[in-house]
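Only one structure is covered here, and it is reproduced in the block below.
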Amino acid sequence: MAVALADKVKIGVCVMEKKVKCHSEVFSAPMGQIFDRLQAFGEFEVIHFGDKVILEEPIESWPICDCLIAFYSSGYPLEKAEAYAALRKFTGPKTTHALGCRPFVVNELEPQHLLHDRRKVYEVGNRSSEFHPDVRRVRREGSYIYEEFMPTGGTDVKVYTVGPEYAHAEARKSPVVDGVVMRNPDGKEVRYPVLLSPAEKEMARDVCIAFSQAVCGFDLLRSQGRSYVCDVNGWSFVKNSYKYYDDSACVLRKMLLDAKAPHLSSVVPPTLPWKVNELTQPSEPLTREPLTRQGSGINGTFGQSEELRCVIAVIRHGDRTPKQKVKLKVTEEKLLNLMLKYNGGRPKSETKLKSAVQLQDLLDATRMLVPRTRPDSDSEAEDVDHAEKLRQVKVVLEEGGHFSGIYRKVQLKPLKWIKVTKGNGEIEEQPVEALMILKYGGVLTHAGRKQAEELGRYFRNKMYPGEGTGLLRLHSTYRHDMKIYSSDEGRVQMSAAAFAKGLLDLEGQLTPILVSLVSKDSSMLDGLENASFEMDEAKARLNEIITCKATTSDTNGSSEFPWTVDGAGLPPNASELLSTLVKLTKKVTEQVRLLAKDENDKLTERNLYDIVPPYDQANALGKTNIDVDRIAAGLPCGSEGFLLMYARWKKLETDLYNERKERYDITQIPDVYDSCKYDLLHNAHLNLEGLDELFKVAQMLADGVIPNEYGINPKQKLKIGAKVARRLLGKLLIDLRNTREEAINVIKNNEDLSLSEKIKKDAEAKSKLFHKNDEIDQDDDDDKETKYRLDPKYANVKTPDRHVRTRLYFTSESHIHSLMNVLRYCNLDESLQEEEGLVCHSALERLSKTKELDYMSHIVLRMFENTEVALEDPKRYRIELSYSRGADLSPLEKEGSECTLHQEHTLPIMGPERLQQVGSYLTLETMENMIRPFAMPAEDFPPTPAGFSGYFSKSVLDRLVNLWPFHRQFSNLGK
Numbered sequence: 001m002a003v004a005l006a007d008k009v010k011i012g013v014c015v016m017e018k019k020v021k022c023h024s025e026v027f028s029a030p031m032g033q034i035f036d037r038l039q040a041f042g043e044f045e046v047i048h049f050g051d052k053v054i055l056e057e058p059i060e061s062w063p064i065c066d067c068l069i070a071f072y073s074s075g076y077p078l079e080k081a082e083a084y085a086a087l088r089k090f091t092g093p094k095t096t097h098a099l100g101c102r103p104f105v106v107n108e109l110e111p112q113h114l115l116h117d118r119r120k121v122y123e124v125g126n127r128s129s130e131f132h133p134d135v136r137r138v139r140r141e142g143s144y145i146y147e148e149f150m151p152t153g154g155t156d157v158k159v160y161t162v163g164p165e166y167a168h169a170e171a172r173k174s175p176v177v178d179g180v181v182m183r184n185p186d187g188k189e190v191r192y193p194v195l196l197s198p199a200e201k202e203m204a205r206d207v208c209i210a211f212s213q214a215v216c217g218f219d220l221l222r223s224q225g226r227s228y229v230c231d232v233n234g235w236s237f238v239k240n241s242y243k244y245y246d247d248s249a250c251v252l253r254k255m256l257l258d259a260k261a262p263h264l265s266s267v268v269p270p271t272l273p274w275k276v277n278e279l280t281q282p283s284e285p286l287t288r289e290p291l292t293r294q295g296s297g298i299n300g301t302f303g304q305s306e307e308l309r310c311v312i313a314v315i316r317h318g319d320r321t322p323k324q325k326v327k328l329k330v331t332e333e334k335l336l337n338l339m340l341k342y343n344g345g346r347p348k349s350e351t352k353l354k355s356a357v358q359l360q361d362l363l364d365a366t367r368m369l370v371p372r373t374r375p376d377s378d379s380e381a382e383d384v385d386h387a388e389k390l391r392q393v394k395v396v397l398e399e400g401g402h403f404s405g406i407y408r409k410v411q412l413k414p415l416k417w418i419k420v421t422k423g424n425g426e427i428e429e430q431p432v433e434a435l436m437i438l439k440y441g442g443v444l445t446h447a448g449r450k451q452a453e454e455l456g457r458y459f460r461n462k463m464y465p466g467e468g469t470g471l472l473r474l475h476s477t478y479r480h481d482m483k484i485y486s487s488d489e490g491r492v493q494m495s496a497a498a499f500a501k502g503l504l505d506l507e508g509q510l511t512p513i514l515v516s517l518v519s520k521d522s523s524m525l526d527g528l529e530n531a532s533f534e535m536d537e538a539k540a541r542l543n544e545i546i547t548c549k550a551t552t553s554d555t556n557g558s559s560e561f562p563w564t565v566d567g568a569g570l571p572p573n574a575s576e577l578l579s580t581l582v583k584l585t586k587k588v589t590e591q592v593r594l595l596a597k598d599e600n601d602k603l604t605e606r607n608l609y610d611i612v613p614p615y616d617q618a619n620a621l622g623k624t625n626i627d628v629d630r631i632a633a634g635l636p637c638g639s640e641g642f643l644l645m646y647a648r649w650k651k652l653e654t655d656l657y658n659e660r661k662e663r664y665d666i667t668q669i670p671d672v673y674d675s676c677k678y679d680l681l682h683n684a685h686l687n688l689e690g691l692d693e694l695f696k697v698a699q700m701l702a703d704g705v706i707p708n709e710y711g712i713n714p715k716q717k718l719k720i721g722a723k724v725a726r727r728l729l730g731k732l733l734i735d736l737r738n739t740r741e742e743a744i745n746v747i748k749n750n751e752d753l754s755l756s757e758k759i760k761k762d763a764e765a766k767s768k769l770f771h772k773n774d775e776i777d778q779d780d781d782d783d784k785e786t787k788y789r790l791d792p793k794y795a796n797v798k799t800p801d802r803h804v805r806t807r808l809y810f811t812s813e814s815h816i817h818s819l820m821n822v823l824r825y826c827n828l829d830e831s832l833q834e835e836e837g838l839v840c841h842s843a844l845e846r847l848s849k850t851k852e853l854d855y856m857s858h859i860v861l862r863m864f865e866n867t868e869v870a871l872e873d874p875k876r877y878r879i880e881l882s883y884s885r886g887a888d889l890s891p892l893e894k895e896g897s898e899c900t901l902h903q904e905h906t907l908p909i910m911g912p913e914r915l916q917q918v919g920s921y922l923t924l925e926t927m928e929n930m931i932r933p934f935a936m937p938a939e940d941f942p943p944t945p946a947g948f949s950g951y952f953s954k955s956v957l958d959r960l961v962n963l964w965p966f967h968r969q970f971s972n973l974g975k
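Using full-length UniProt numbering, read the sequence shown as starting at 1 and increasing by one per residue.
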């Protein structure tokens with residue numbers, strides 16, 4: 001709102017020039033960024049005093065202002081600033097007699113003496129502490145403070161408040177651990193976001209109020225499950241965080257207007273004034289095409305009495321490279337000794353190699369075993385195959401030039417062993433053959449990261465009704481309880497980190513976000529072991545239907561509900577399509593073989609052991625755009641060279657159809673489809689003839705095979721889904737229950753608080769009758785307390801005590817299918833057959849036509865509370881269910897706006913679709929009753945470990961070091 005110059009609130013900036021950039025062309029300092037935003041509202045005039053005025057002129061000639069920002073720094077005359085603020089005694093809103101009005105002081109001046117008394121903040125010289133190992137007696141001369149050493153996992157947490165109800169927290173690896181400051185590729189120190197615990201949020205409020213410093217920075221130590229404030233710094237701003245600058249400007253604006261211009265509205269506008277003219281960045285094409293590409297939307301609108309309490313989402317990872325696996329039997333002594341080295345010398349125990357040291361050992365051994373020349377035509381086929389697989393292992397391990405990341409792992413499983421008599425007569429067992437399994441690929445692509453970030457932004461703006469950008473303030477003003485869980489897979493973890501970046505408008509690299517905000521829970525989000533028998537049954541029945549030319553109409557089911565028949569979704573000519581699939585796969589494989597041969601001929605002109613890989617996978621993690629240089633050079637997109645691309649297609653050709661046994665393996669159909677889709681999207685520039693035709697055939701088959709792998713009919717889908725997702729379902733019910741209990745406790749606490757406040761006010765009124773001489777001082781204290789009281793407008797919420805719980809679970813396709821099958825078929829269980837299903841009939845029809853839950857597909861549960869309904873009424877809490885098919889657009893569709901997205905190798909994500917009828921009302925009680933039979937009971941979950949979940953233990957720091965490729969010199973694997 002524009003305000004006349006004479007009526008503008010004048011902000012006096014009484015600080016040394018070195019602390020703020022005064023010229024309009026320089027805005028690198030945080031204060032400059034925030035003042036720009038404050039002035040953009042049109043209600044403020046910023047007056048910089050300058051060093052000459054502060055140091056040389058008398059306070060009577062200093063500029064008149066309504067609000068004063070003043071803080072100590074080296075050479076600053078703090079007493080002089082205090083005298084200036086004390087010139088005017090009257091406190092209150094801005095008046096026409098400005099000379100008689102005391103400015104509102106953002107950070108009170110007197111407490112700053114305490115903050116900068118070096119003796120009182122435990123500082124000597126320029127050090128806060130120093131370890132003296134030889135000192136064993138208490139020194140009695142001078143002033144010393146002895147403190148017990150606190151293990152913190154080598155992490156410092158920095159907290160920045162703007163008023164008592166807003167805080168931004170971030171952390172860094174403490175350089176005291178190894179003397180090394182972790183830096184990003186631009187040379188800046190790595191800081192990563194931190195979620196404060198409730199106790200820490202209260203500490204932030206207490207520090208702000210105790211020192212009367214609205215804008216204040218302080219340091220936290222997290223040690224053995226507790227937090228400690230170790231240093232209070234006074235005036236501090238976060239550097240290089242535009243989200244923080246936005247928030248700070250909004251919070252300061254409200255603070256200043258309430259103090260000096262209460263007649264002006266301090267409500268934050270829907271669009272911040274400095275963002276009105278911002279252009280959409282060309283590097284984010286999904287923002288031009290909303291995610292709700294075809295979705296039926298989120299259910300309805302919400303009444304004034306209904307508030308969001310909980311958002312739970314189960315989300316599949318983003319676009320990835322095809323998953324790869326190499327299996328070979330090894331008898332070489334070097335590899336068998338390596339297995340013994342890392343399994344503790346146990347000849348019958350398997351070994352898993354994942355760390356950089358372990359994989360380097362394996363690479364060294366493999367290099368010595370790979371023949372320098374390829375076997376001649378007279379060699380045994382088995383020997384040729386073994387040599388080629390060893391060569392493939394070597395190429396995979398050399399990829400990227402160093403071992404950094406979470407995308408390669410090797411298993412060594414002993415198969416045969418013999419008994420050997422040692423020199424001392426003892427008999428021991430030694431392995432003589434082992435199975436080596438190398439898993440690689442499945443890497444989150446630049447497109448996958450972009451998809452995850454965009455979905456996070458979509459959630460921020462659409463999943464929290466009435467919030468918009470206010471979610472960020474809701475999060476920072478302690479009203480947002482968020483936790484993110486991920487499976488153990490690297491692509492899933494990175495998807496979770498990218499989503500968090502978009503949701504919370506974070507900046508910088510994904511690795512720090514992953515380490516600080518994402519918790520791994522493989523027991524809940526990984527693995528299919530519990531349902532392996534049932535899934536094998538389903539695949540066997542599926543194979544029978546396809547290869548025996550049986551049709552789905554011959555099997556159990558109902559014509560009225562076509563999704564209930566065995567093998568629903570399979571094409572009627574599936575067996576004929578299989579032979580076409582094999583023929584086209586061979587055609588594509590041969591073309592890739594020729595490309596790989598050309599590449600290999602060029603490489604063999606040099607020594608095989610001096611190959612420098614052309615691509616760095618670890619650096620690729622930070623990219624959101626395609627690698628234009630590789631594509632221009634005619635190379636495959638991403639980290640894959642032609643040799644590995646050929647190995648991928650050759651394995652598909654070999655596994656899909658066994659010519660000797662004349663047998664198809666239908667479990668390879670999803671992998672063929674996966675490779676087709678990947679190469680059509682990312683490697684279209686290679687112009688592989690017949691690839692588009694192969695994709696169409698593979699898609700028709702995969703649309704039937706993939707859903708049926710998780711159950712051949714609804715009852716089997718429910719059985720498998722319940723086994724795979726049992727733990728996840730139990731956790732979802734715990735989340736909903738905890739949200740309800742928290743909301744009830746808030747109501748009861750407010751009732752108790754209202755009663756205690758009434759008693760307190762009555763006591764204060766009586767006390768004033770006997771202490772009339774202290775009335776002025778008492779009013780001053782009341783003003784201070786009111787000034788720092790919680791204001792819900794900071795977060796744009798309707799009720800002051802509102803909390804929103806967000807739980808995000810990132811997983812793979814199997815868990816998405818399993819959870820969906822339980823939701824839509826739970827009423828088929830014997831104990832629930834009289835109940836109406838959770839999913840309406842129209843949604844069941846849509847789901848039956850949804851063949852694939854593609855990348856970034858997700859299922860969302862939102863819980864709302866109707867505050868006008870009695871607490872004991874089941875309709876107090878309502879559940880809304882929706883789902884998205886994810887990025888399910890075919891890469892062959894290149895019409896309209898999607899063409900641009902295709903050129904950038906990124907497909908848009910489907911918007912949410914309803915699982916309930918519009919106007920239907922699913923109560924929390926009904927939801928619990930329908931899901932409980934399939935969910936792990938709450939009492940079976942392990943107790944929460946003591947301390948802070950997901951905070952910075954040594955293991956987490958080790959994880960950060962393994963993931964972060966920039967803080968150390970890359971090792972050269974080509975030597």
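The beta-carbon is built from N, C-alpha and C at its ideal position, and this holds for glycine as well.
Check                                                                                                                                                                              : Outcome
Would you call the CB atoms of G12 and C65 closer than 7 Å?                                                                                                                        : yes
Rounded to whole angstroms, what is the Cα-Cα separation between E741 and T867?                                                                                                    : 14 Å
Which same chain residues, not among the five before or five after Y76, have their C-beta less than 7 Å away from its C-beta?                                                      : M16
Just to confirm, does I484 get its C-beta within under 6 Å of one of the non-hydrogen atoms of the ligand SAM?                                                                     : Looking at this structure, you won't find the ligand SAM or any other ligand, since it has none at all.
Between the C-alpha atoms of M700 and V162, what's the straight-line distance to the nearest angstrom?                                                                             : 57 Å
Taking the alpha-carbon positions, what's the L542 to F533 distance?                                                                                                               : 14 Å
DSSP three-state label for V839, please.                                                                                                                                           : coil
If the criterion is Cβ atoms closer than 7 Å, does the pair I312 and L861 meet it?                                                                                                 : yes
Is H817 helix, strand or coil when you go by DSSP?                                                                                                                                 : helix
For the beta strand (DSSP E) containing H480, list its first residue and its last residue.                                                                                         : 480-486
Considering just the uninterrupted stretch of the beta strand (DSSP E) at L220, what are its terminal residues?                                                                    : 215-223
Which residues in the same chain have their Cβ closer than 6 Å to the Cβ of L503, if we skip the five residues on either side of it in sequence?                                   : G456, F459, R460
Hey, could you find the ends of the beta strand (DSSP E) Q493 is sitting in?                                                                                                       : No beta strand (DSSP E) holds Q493; the alpha helix (DSSP H) holding it covers 490-503.
Straight-line CA distance for G42 to P262?                                                                                                                                         : 15 Å
Got a sec? Which residues, its chain only, sit under 7 Å from R648 by beta carbon, not counting five neighbours each side?                                                         : P322, Q324, S675
Apply the 10 Å Cβ neighbour rule to R789 and answer buried if 16 or more other Cβ atoms are within range, or exposed otherwise.                                                    : Note that R789 scores a pLDDT of 24, beneath 50, so its modelled location is shaky; the value from the coordinates is reported in the next line. The residue is exposed, with fewer than 16 neighbouring Cβ atoms inside 10 Å.
Helix, strand or coil for F211, going by three-state DSSP, please let me know.                                                                                                     : coil
Could you check whether F941 and S486 sit closer than 7 Å to each other, using their CB atoms as the reference points?                                                             : no
Have a look at K787 and P198 and give me their C-alpha separation to the nearest angstrom.                                                                                         : Its pLDDT being 24, under 50, K787 is placed unreliably by the model, and nothing is read from it.
Ends of the beta strand (DSSP E) at S519?                                                                                                                                          : 518-520
Go ahead and pull the three-state DSSP assignment for C250.                                                                                                                        : helix
Quick one, which of G318, G344, L397 has its alpha-carbon nearest S355's?                                                                                                          : L397
Which of the three DSSP states, helix, strand or coil, is assigned to P269?                                                                                                        : coil
Might you give, ordered along the chain, the residues of its own chain that have their beta carbon closer than 6 Å to the beta carbon of G837, omitting 5 neighbours on each side? : N827
Check each candidate in I909, H386, K341, V276 and name the one with the smallest Cα separation from A887.                                                                         : I909
Let me know the alpha helix (DSSP H) ranges lying completely inside the region 848-897, each 4 residues or longer, listed in chain order.                                          : none
Could you tell me how far apart the beta carbons of V697 and L577 are, in whole angstroms, since I believe they sit closer than 8 Å?                                               : 6 Å
For Q969, which residues in the same chain have their Cβ closer than 8 Å to its Cβ, ignoring the five residues on either side in sequence?                                         : Note that Q969 scores a pLDDT of 34, beneath 50, so its modelled location is shaky; the value from the coordinates is reported in the next line. Within the same chain, Q969 has no close Cβ partners at all.
Exposed or buried, what is R807 when buried is set at 16 or more other beta-carbons lying within 10 Å of its beta-carbon?                                                          : buried
So the alpha helix (DSSP H) L359 belongs to, where does it begin and stop?                                                                                                         : 356-369
Taking just the CA atoms, how far does R320 sit from D629?                                                                                                                         : 20 Å
Pull the bridge partners of F104 from the DSSP assignment, please.                                                                                                                 : C67
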